[in-house]
Each structure stands twice: as structure tokens, then as C-alpha cells.
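Residue numbers (this note's numbering), protein chains in the order written: chain A, 457 to 713; chain B, 457 to 713; chain C, 457 to 713; chain D, 457 to 713.
There are 4 protein chains.
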Amino acid sequence: MSLTPQRTEPLSHEELYLFDTMGFVKIPNFLSRADAESCRTELLDFPSRLMEGRGDKERFDDLVVRSKNFRDLAESEAMRGFVDPVVNQPYRLIESYALRRESQSVFYLHNGNSEVLTYGEGRSVQRNMSFSHTFHDGKLFCMFIKVLVYLTDVREPDDGPFCYLQGSHKANYPWFADPDSSGRAPALTKENFPSLDHVRAEAGDAIVLNEALLHGTLPKESQGERILMAFSYAPAFVTDWKEIDLRSPSIDKLGHY
Amino acid sequence: MSLTPQRTEPLSHEELYLFDTMGFVKIPNFLSRADAESCRTELLDFPSRLMEGRGDKERFDDLVVRSKNFRDLAESEAMRGFVDPVVNQPYRLIESYALRRESQSVFYLHNGNSEVLTYGEGRSVQRNMSFSHTFHDGKLFCMFIKVLVYLTDVREPDDGPFCYLQGSHKANYPWFADPDSSGRAPALTKENFPSLDHVRAEAGDAIVLNEALLHGTLPKESQGERILMAFSYAPAFVTDWKEIDLRSPSIDKLGHY
Amino acid sequence: MSLTPQRTEPLSHEELYLFDTMGFVKIPNFLSRADAESCRTELLDFPSRLMEGRGDKERFDDLVVRSKNFRDLAESEAMRGFVDPVVNQPYRLIESYALRRESQSVFYLHNGNSEVLTYGEGRSVQRNMSFSHTFHDGKLFCMFIKVLVYLTDVREPDDGPFCYLQGSHKANYPWFADPDSSGRAPALTKENFPSLDHVRAEAGDAIVLNEALLHGTLPKESQGERILMAFSYAPAFVTDWKEIDLRSPSIDKLGHY
Amino acid sequence: MSLTPQRTEPLSHEELYLFDTMGFVKIPNFLSRADAESCRTELLDFPSRLMEGRGDKERFDDLVVRSKNFRDLAESEAMRGFVDPVVNQPYRLIESYALRRESQSVFYLHNGNSEVLTYGEGRSVQRNMSFSHTFHDGKLFCMFIKVLVYLTDVREPDDGPFCYLQGSHKANYPWFADPDSSGRAPALTKENFPSLDHVRAEAGDAIVLNEALLHGTLPKESQGERILMAFSYAPAFVTDWKEIDLRSPSIDKLGHY
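#1: For the beta strand (DSSP E) that L415(A) lies in, which residues bound it at each end?
#2: Go ahead and label E471(D) buried or exposed: buried means 16 or more other beta carbons lie within 10 angstroms of its beta carbon, across all protein chains shown.
#3: Kindly indicate which three-state DSSP category E699(B) falls into: helix, strand or coil?
#4: Applying the 10 Å Cβ sphere with the 16-neighbour rule, what's the burial state of Q679(C)?
#5: Can you round the beta-carbon distance between Y713(A) and Y564(A) to whole angstroms, since I take them to be within the 8 Å contact cut?
#6: Going along chain B in order, which residues have a C-beta closer than 9 Å to the C-beta of G578(A)?
#7: Can you grab the Cα-Cα spacing for the pair Y403(D) / D615(D), in whole Å?
#8: Where does L506(A) land, buried or exposed, given buried means 16+ other C-beta within 10 angstroms?
#9: Going by alpha carbons, who is nearest to R510(B) out of S523(B), E558(B), G660(B), N584(B)?
#10: With 7 Å as the threshold, decide whether the Cβ of F475(B) is near any Cβ in chain A.
#11: So if I threshold CB-CB distances at 8 Å, which residues from the region 677-692 of chain A count as touching chain C?
#12: Compare the C-beta of Q582(A) against all C-beta atoms of chain B and say whether one is closer than 7 Å.
#13: By a C-beta neighbour count over all protein chains shown, 10 Å radius and 16 as the cutoff for buried, is T477(A) buried or exposed?
#14: Output needed for K513(B): all residues of its chain with C-beta closer than 8 Å, excluding positions within five of it in sequence on either side, in chain order.
#15: Can you give, in chain order, each stretch of the beta strand (DSSP E) that sits fully within the region 560-614 of chain A and has at least 3 residues?
#16: May I have the straight-line CA-CA distance separating F480(D) from S586(D), to the nearest angstrom?
#17: Do Y553(C) and F516(C) have their CB atoms nearer than 7 Å?
#18: The alpha helix (DSSP H) that contains D708(A), what's its start and end?
#19: Between which two residues does the beta strand (DSSP E) carrying P675(C) extend?
#20: Just to confirm the assignment, what range does the beta strand (DSSP E) spanning Y547(C) have?
#21: Report the three-state DSSP secondary structure of P466(A) (helix, strand or coil).
#22: Give the range of the alpha helix (DSSP H) segment to which S458(A) is assigned.
#23: Considering only the alpha carbon of each residue, which of F591(D), M599(D), A530(D), E658(D) lies closest to T618(D)?
#24: Kindly list the residues whose CB is nearer than 7 Å to the CB of S504(C), restricted to its own chain and excluding five residues on each side of it in sequence; keep chain order.
#25: Beta-carbon within less than 8 Å of D701(D)'s beta-carbon, same chain only, minus the 5 sequence neighbours each way: which residues are those?
#26: Report the residues of the region 638-669 of chain B with a CB closer than 7 Å to any CB of chain D, ordered along the chain.
#27: Note down the Cα distance separating S532(B) from V581(C), rounded to an integer number of angstroms.
#28: My understanding is that F687(B) touches L549(B), with C-beta atoms under 8 Å, so please give their C-beta distance in whole angstroms.
#29: So, at 8 Å on beta carbons, what are the nonlocal neighbours of G537(D) in its own chain, with the 5 sequence-adjacent residues on each side left out?
#30: With DSSP as the reference, label M685(C) as helix, strand or coil.
#31: Chain B partners of W631(D), CB-CB under 7 Å?
#32: Are three or more beta carbon pairs between the region 600-608 of chain A and the region 655-672 of chain A nearer than 8 Å?
#33: Interface residues of chain B around A530(A) at Cβ under 7 Å?
#34: Between which two residues does the beta strand (DSSP E) holding D653(D) run?
#35: Could you list the residues in the region 499-513 of chain D with a C-beta less than 8 Å from some C-beta on chain A, going in chain order?
#36: Which stretch, first to last residue, makes up the alpha helix (DSSP H) that contains V694(B)?
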């Protein structure tokens with residue numbers, strides 16, 4: 457197998473506008489359906505683990521380590537054409553993985569430009585610098601970009617499509633004023649979240665995502681598998697993605713939060 | 457030996473204003489002169505290397521690895537009181553070193569908020585995200601903070617004091633339009649740099665520095681030693697300081713630029 | 457007649473989040489349907505003029521001058537509760553008018569945070585300071601706010617609802633790269649504008665609008681009247697709304713552009 | 457008399473850098489000493505008034521109305537070359553005046569990017585939008601620019617030179633936490649204001665000033681007259697400079713604050 461991106465041009469001016477204003481841009485037919493299916497087949501043979509939390513997501517780590525096909529894709533000119541114009545720095549791949557879900561799964565809203573981050577001993581701020589971003593002289597500078605590649609169709613709202621709050625990647629306020637209330641998280645509906653929107657996608661489509669967006673997925677209620685790959689890029693001074701202990705005062709800790 | 461910072465309060469409102477508007481703030485008498493001298497004596501026994509470039513600076517790396525005294529200082533409440541209010545994130549120490557210089561040495565102007573960064577194949581941008589910084593809701597968020605601790609006096613202009621261009625940590629334009637001209641660098645004078653300013657310091661004084669400032673030192677012309685320690689802090693997702701190859705297209709490269 | 461706003465609380469935290477991230481927030485039932493109808497009846501007796509351009513909009517100027525009812529509304533605590541938290545300056549009313557349209561009318565997309573402004577002799581910039589806005593320490597500072605009050609229902613897409621490009625009030629790029637192409641303006645469809653969205657409203661509803669949003673209305677194809685009032689507020693140093701000659705080099709000209 | 461500016465080039469890249477980072481830039485020899493003296497002679501015949509407050513400044517209003525010489529200067533290509541590149545909007549002259557002072561006079565620090573503004577009934581914010589400014593795609597957008605033209609020499613600190621706090625035009629914090637304490641204003645010394653700096657000027661020199669800078673003059677202790685002209689420019693939607701009642705809730709009030 458060798459993957460052949462169907463779309464090799466860098467982001468256009470119109471796509472950059474959409475990425476800048478919406479926090480993401482969808483690239484239809486990044487891979488052919490045949491390539492998407494061969495990705496799916498290959499990675500299902502990799503070891504996987506159940507993600508913590510709801511226990512409804514199976515994660516396949518380190519795709520680029522396990523297969524030259526995925527490595528070549530992560531390094532391809534096609535992929536660079538998405539990352540170059542939104543990072544605009546020397547950059548690196550900080551993680552590559554796949555997520556597989558079935559019915560009755562959800563990925564709740566997370567990130568957001570000004571949500572409350574608590575850490576250390578009672579410290580509380582409204583900025584997570586690991587996905588900060590800015591603009592200068594015609595160029596975007598994003599600290600954390602994810603390229604999602606769909607390997608199955610997510611056509612209907614009950615297929616668990618990507619969802620987000622409009623404009624939340626540039627929000628000045630937090631939506632969730634009390635982060636500890638996340639245990640009693642309100643359902644992902646228009647009533648609870650008037651600016652909630654979602655994006656349909658088909659196998660082979662890609663989404664280039666600014667991680668500052670407050671995003672997740674609607675609940676997947678339909679039968680069948682939902683599987684996608686994620687390739688995360690960051691400026692070269694950012695370490696591989698790994699979670700740190702937010703409460704630790706250690707000045708050695710290395711990782712994300 | 458055990459070091460006892462003379463100043464243990466966190467940055468005051470007035471000091472935060474100075475740090476925010478000037479890009480640095482001087483903390484007089486952070487260490488006693490006796491402690492500064494004991495630091496100097498201890499670290500001169502460590503291994504050192506001549507820095508590349510002009511070959512006029514001797515660098516002692518990894519202070520906190522070599523001595524519990526330096527580690528304790530880097531972790532002290534006193535030091536945290538400088539770093540906490542300007543980083544406002546879970547953070548880590550990304551380097552600790554000392555620099556020793558004698559007469560006829562200089563540290564030319566470097567960094568700056570909008571200086572030209574060239575990398576890869578002819579790419580050119582005006583932002584280095586490794587020292588980006590922002591402000592939100594009463595808090596500063598700096599990506600790269602250095603605490604300089606003077607171990608000798610730098611009283612006169614010819615002692616090679618810390619120098620900087622006023623307001624350059626928030627510059628929207630580059631000062632050095634052509635970065636390749638740095639070989640023919642203009643002398644550090646008021647004529648060449650109308651907004652150039654410098655800071656006198658004595659043994660035991662500290663400077664808390666936003667690395668976005670376009671800064672360096674005036675030439676040291678006087679006799680005698682100039683030696684200081686530097687402790688660099690960054691958000692926890694930032695790797696230890698190490699230089700990458702700016703031209704490499706590798707997506708594995710890890711480090712600063 | 458005397459108008460009694462049904463909603464008198466200032467914008468809530470949730471409404472401020474929506475205004476900040478979407479560029480507007482809808483206030484259902486600001487006026488009762490009966491009050492909306494009495495506004496409509498009263499103002500239709502005022503003098504009006506056909507607006508330039510497409511000639512499909514009838515404009516009634518200076519509502520607050522013509523009737524104490526409208527003046528009281530513009531000055532009401534209810535209205536101030538929308539304006540105070542998004543202007544956060546001493547402010548004034550710079551215009552008050554109504555727009556009446558029938559079938560086959562449209563209000564094309566205008567404004568936007570970074571659209572191209574040409575003026576003088578060939579000068580071209582990507583910012584119109586008359587609707588600039590910023591955020592500082594928990595507060596929004598908008599230069600130009602409009603409160604739209606619907607006097608008839610706009611329920612279906614063919615009723616000509618308010619439309620906008622998501623996130624365009626904070627866009628860093630222009631959508632319309634060539635402003636002179638506006639004569640051949642592309643139709644207001646999802647195909648031409650992937651981030652286009654619209655808002656349904658009923659008589660008595662209000663929309664609090666940040667004028668930096670790239671906004672307009674979908675074409676009205678349905679029969680019947682579409683009529684709304686607009687009250688514009690700005691910081692007190694801004695003059696009454698009036699259009700200047702963009703090409704004039706005069707340093708006396710006073711007005712908007 | 458007819459004035460002939462000695463300097464007619466628009467601001468250079470270096471001058472724009474200085475203006476951006478320092479909040480002002482000095483233009484030596486904008487007028488010849490002879491022209492400066494003829495300005496002084498002409499305007500001293502105009503009516504004047506004692507300014508409120510300390511009563512130590514004599515103000516001559518509406519220079520451009522009283523004399524074609526001043527009008528021509530305000531409209532000259534030379535002056536436009538300072539204003540165009542820092543306003544970057546259709547603009548107008550909102551005031552023109554001269555200030556004359558003698559010994560024992562001072563102009564205390566005022567403005568600043570984040571000083572506390574109180575207005576209305578107990579409202580308090582940290583932004584005055586009448587001198588807000590931003591940067592986009594290589595261009596500065598200032599809401600209020602003043603060009604000061606010196607008509608006498610201000611060579612020594614006791615001549616009452618222009619003074620400012622470094623970087624205060626981009627401050628995120630207020631320096632004066634309690635604005636009501638301004639009655640007991642601390643003396644303008646380095647001890648009270650560590651980032652205080654001042655600028656010497658000679659007759660004919662000009663200073664192009666971003667009004668967001670926290671600025672004033674050092675006390676004039678020396679004998680003799682200190683006199684300068686000021687020309688203020690703003691985007692065309694800004695009214696002529698006039699002071700409003702900050703406490704008034706009127707939505708008709710028009711003016712500055």
C-alpha cells in the first residue's frame with residue numbers, strides 16, 4: 457500500500473479565510489475512498505487501548521512509528537500544504553493516532569480560547585498557551601494544529617459529526633464558567649449551546665483544525681463504526697504530546713495540559 | 457553553602473507594569489553580595505565551554521544538575537514569585553547556565569517581537585513563537601522568561617551592561633529589515649539605535665526578562681570579569697532549550713530556533 | 457403610545473459570550489408584538505426616501521427626532537442594558553432609522569473586520585476604524601453597535617433574514633479580495649460563501665450587532681413587508697452617522713466611510 | 457509669511473519602528489529656526505485663554521482658522537507624510553492650538569493605554585477608545601495623533617521637556633491604580649517613575665505623538681518662554697476635540713473624554 461493524496465495544493469486564500477474565521481477548514485476528498493479504506497484496514501491490526509473517561513473510544517497510538525505509509529502521509533507535500541500556512545514556523549509532528557468508536561459514544565466539547573484552566577494550588581487562568589495562536593503581517597501562527605482524516609462516513613447528526621461553538625477559537629470569555637461542573641455536562645443541543653454547529657464528512661475527507669476551537673462531536677447514536685486518524689503538528693520547540701500532572705509544582709514536568 | 461534570597465515577595469503591581477511595558481524588570485538585591493560570591497566560586501569549578509560565534513563567552517551549562525544549591529534556587533519560592541505572575545501556566549525550567557566574559561566581549565542584540573525569521577527553503581516570517589506572549593484578563597502569558605542573576609557588578613557603560621531597544625518586545629515591525637546583514641552589524645550606539653537603553657546592575661541583582669525583547673549587552677571594555685547566571689522558564693509543553701537546524705524539513709526535529 | 461420593553465435585564469454572561477464569538481446576539485421578545493405593530497404604524501407616517509443603490513429599500517430617518525416614543529426607547533434602561541456592556545465608554549446615539557422592503561429586495565454583505573478599504577489617491581488598507589473593537593480585562597470595547605428591532609416576522613430564508621459570515625468580525629483576511637468586483641457580486645449561497653449563516657426573527661425581537669461583522673440579508677423573495685428599526689451607538693467622540701467623500705483629501709471632512 | 461517645511465519625506469521605516477515601539481518619533485528641523493520664530497511672532501497676536509487646572513499654561517486656539525499660514529502647514533504634504541502612515545484612514549484635523557508657558561509650570565502625565573477611566577454612575581474601565589490604536593498587515597491605525605512643533609528650545613531637563621513612561625502606549629495595566637489620587641500626584645522623578653524618560657528639542661523640531669502614550673512634561677524651572685504648536689488628527693468620523701461631561705447619561709453628548 458502507498459497513499460496518494462488527491463489534493464496536493466496548499467490552502468487557498470479562501471480556505472485560509474475559513475480556517476481563520478471558523479477555526480477549521482474541511483478538505484473534501486483529501487484521500488480517495490480506496491486509500492481511506494486501506495488506512496482503516498492497516499491500522500486495525502495495530503495495538504490499541506481504551507481511552508480513559510467514558511471508555512467509549514479505542515485509540516491506536518503512534519501511527520507513523522508503526523507504518524511507513526502513515527509516516528509518508530504525515531511528511532507528504534500534501535499534508536505540509538495544510539500545516540505550513542497556519543503554523544508558519546519550523547514545526548514537528550507531536551502525535552499521530554486513530555480513534556475508533558461505535559454507537560453510544562461521544563467526545564464532549566473541549567479546549568476553547570478562554571476557558572478556565574485550573575492548576576497548581578488553586579491557580580486559575582483563562583488561557584491555555586499550548587493552543588495559543590496569533591496573526592501578523594498576513595500570516596497565521598498556530599501553536600497546535602490537528603489534521604483529522606476520516607476513514608468512515610459521518611453523514612448524519614446521529615453519526616457523531618465534528619461539532620464546535622462558532623468563533624470560540626477567538627473567544628474572550630469562557631463558555632463554561634465553572635470548569636468543575638463538567639461532570640454535570642449539559643447535553644450538546646442548540647438549546648444549551650446556541651452557537652453550536654456541526655460538520656458532515658465522508659471517508660477520505662480531512663479537517664484542518666486549530667486546537668483553540670471549543671470542539672467535540674455530537675453523540676453517535678447510529679450503528680456502525682466511526683474511525684478517523686489525527687496528525688498533530690506544533691512549532692519545533694513543543695514536545696511530543698503527553699499529559700502532565702496539573703497539580704504538580706515540579707519544574708521538571710514536561711508535557712501538555 | 458545554601459542560598460537565601462533577600463527578596464521573597466512576588467512581583468508587585470508596579471513591577472508587573474514595568475515588566476509589561478519595558479519587557480523586563482530589575483530586582484535589586486535578590487541575593488546578598490555574599491551569596492552572589494559563593495555562587496560564583498562554586499560554579500567556576502564546573503566544566504565549561506567556549507560559546508560559538510565571537511568566542512568571547514564562556515558558558516557553564518546545567519547549573520541545577522551540578523549542584524543542589526542552584527537547584528534549590530531555581531525551585532525557590534522567591535524565584536517562583538517572579539515566574540508565576542508572568543507565565544501563568546504550569547511551567548518548567550528549560551535551561552540553567554552561567555556566562556563568564558572578560559574585556560573586549562559583547563552580546564549583540566537578538567530576539568525582538570517582529571524580527572525576520574528565515575527557515576526551511578526560503579521561508580520568511582516576522583514572529584518567533586518560542587518567545588511569543590500575550591495578555592488576558594489581568595494576566596500576562598509569556599512563553600519564555602529568563603531570570604538573570606548578576607554575580608559581579610556591571611556599573612558603567614563600559615562594563616557591558618544589559619541593553620535593549622525600548623518597546624521592542626511588542627514591536628510590530630522588524631528593526632533589522634535584512635537579517636543577513638547581521639555580519640555587518642552596526643555598533644551599539646545611540647546614533648545607530650535611537651531607542652537603545654541600558655541597565656546597570658550590581659552583584660546579587662536580578663533581571664526578570666521577557667525573551668521577546670530585542671536585547672543584548674553593550675561592549676565590555678573594562679578590565680575584570682563579568683559573570684551572571686540565567687534560569688529560563690517556559691510553559692510545561694516546551695522542551696529543554698536546544699538549537700535545531702532551521703533548514704531541515706524533518707517533522708521529528710525538537711528544539712528552539 | 458408608550459413602548460414597554462419586555463426584556464430589561466442587561467446582557468447576561470452567556471449573551472456576552474455569544475455576542476463576542478458570533479458578532480451579534482439575538483434578544484427574543486424585546487418588544488411585545490403589539491408594541492412592534494404600534495412602532496410600525498407610527499413610523500410609516502414619517503417622511504421617507506428611497507435608498508441609493510438598488511433602490512429597493514425605503515428609509516425613514518431620525519426616528520428619535522420625530523417621536524418621543526422612539527426617543528424614550530433609545531434612551532431606555534432596557535436599551536442601555538445592551539449597549540453599556542459592549543461599548544464600555546461614554547456613548548451617544550449616532551443614528552436612528554427604519555428600513556422597509558418588499559419582495560425582490562436584498563441587502564448585500566458589507567463591513568467585515570479586514571475587508572479592503574480604498575480611499576484617497578489609490579490608498580488601500582484592511583481595517584475600517586469606524587467599527588474597530590477590542591477586549592480588555594473582561595470588557596468589550598466596540599466602536600459601532602447597532603440594535604435592530606424587528607417590526608415584522610422574518611421566519612423563512614425567502615423572507616430575507618439577517619445573514620453573516622461566521623467569525624468575520626474578527627477576520628484577519630479579507631473575504632472579498634477585490635473590492636471593485638462588488639458590481640459582479642456572487643449570489644448569497646452556501647456554495648459561494650461556505651461560512652454563511654442566517655438568523656430568523658419575529659416581530660418584537662432585537663439583534664444587538666457589532667458592525668464589524670460582514671453581514672447583510674438574504675434576498676427577500678416572499679410577498680409582504682419586511683420592516684425594522686435600527687439604533688446605532690458609538691463612543692461619544694464619534695459624530696452622527698453621515699457619509700464622507702472617500703476620495704477627498706480635505707482635512708475638514710467629517711463623517712463615516 | 458509662508459512656511460516651508462525643511463523635511464518633506466514621509467516617515468521612513470526606521471521612524472515608523474520608533475513611533476510604533478516608543479509611542480512617538482522626533483523629527484529634527486521640521487521647520488527652520490526662522491520659520492519657527494515667525495510662527496511664534498504671528499500667533500502671539502491671536503487671542504488666548506488661561507487653561508484650567510494649574511493655570512500655568514496659556515492656550516491659543518484654532519490656529520488654522522486664524523491664519524492661512526497655519527492652515528497651509530496643517531494641510532501640507534510634509535505634515536501628511538507624518539499622519540498618513542500612522543492613521544491609515546480618511547482623516548481630519550480635530551484641533552490646532554499653541555501652548556505657551558513660563559517658569560514654574562508643568563504638564564502632568566496623562567493618557568496611557570490602560571489607565572482607569574471613570575464615567576457615568578460609578579463605571580470604571582481601563583481603555584479610552586478615543587486614543588485606541590492597532591496594527592494590521594504592516595500598517596498602524598491610530599485614533600488620535602498629535603504633531604507638536606517646537607517654537608522655542610527645550611534643551612535641558614529644567615526647561616520642561618516632553619516626558620513619558622516607556623512603552624505606556626501599549627500598557628496592559630494602569631500605572632495609576634487609583635485615578636482619584638491624582639490630586640496628590642507624585643513628583644515626576646525616576647524614583648517615582650522608574651521608566652520615565654524625556655526628550656530634548658529645539659525650535660523647529662517636531663514630535664509625532666501617539667496620544668495613547670502616558671506623557672506630559674517635566675517641570676519647567678528655567679527662565680524664559682516655552683511655546684509649541686499642536687496639530688491633532690483623527691479618522692474622519694471623529695468630531696472636533698471638545699470635552700464632554702463624563703457623568704452625563706445623555707445619548708446626545710458629543711466630544712472627547
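Each residue gets a CB set at the ideal place from its N, CA and C atoms; glycine is no exception.
In short:
#1: Coverage of chain A is limited to positions 457 through 713, which leaves residue 415(A) absent and any answer about it impossible.
#2: buried
#3: strand
#4: exposed
#5: Their Cβ separation, rounded to whole angstroms, is 17 Å, which puts Y713(A) and Y564(A) out of contact at 8 Å.
#6: What G578(A) touches in chain B: nothing, since even the nearest Cβ is about 12 Å away.
#7: Lying outside 457 to 713, the shown extent of chain D, residue 403(D) is not represented and no answer is given.
#8: Counting Cβ neighbours within 10 Å, L506(A) comes out exposed, since fewer than 16 surround it.
#9: E558(B)
#10: no
#11: Within the region 677-692 of chain A, no residue has a Cβ that lies closer than 8 Å to any Cβ of chain C.
#12: yes
#13: In this structure T477(A) is buried. Its beta-carbon is surrounded by 16 or more other beta-carbon atoms within 10 angstroms.
#14: L506, M507, L555, R556, R557, S561, F563
#15: Considered as a whole, the region 560-614 of chain A harbours 561-566, 573-575, 579-581, 589-592, 595-598, 601-606 as its complete beta strand (DSSP E) runs of no fewer than 3 residues, in chain order.
#16: 17 Å
#17: Yes. Within cutoff.
#18: From DSSP, D708(A) is part of no alpha helix (DSSP H); its letter is neither H nor E.
#19: 671-676
#20: DSSP places Y547(C) inside the beta strand (DSSP E), whose first and last residues are 547-557.
#21: coil
#22: Neither: S458(A) is in no alpha helix (DSSP H) and is coded neither H nor E.
#23: Looking at the sequence itself, residue 618(D) is Phe, so the reference to Thr does not match. Of the candidates F591(D), M599(D), A530(D), E658(D), the one whose C-alpha sits nearest the C-alpha of F618(D) is E658(D).
#24: E514, R515, F516
#25: K709
#26: Against chain D - using a Cβ distance shorter than 7 Å - the residues of the region 638-669 of chain B are P650, S651.
#27: 50 Å
#28: 6 Å
#29: T464, E465, P466, L467
#30: If DSSP states are grouped into helix, strand and coil, M685(C) belongs with the strands.
#31: Near W631(D) (Cβ distances below 7 Å), the residues of chain B are Y473.
#32: yes
#33: I707
#34: 652-655
#35: none
#36: Unbroken run through V694(B): none, as it is neither H nor E.
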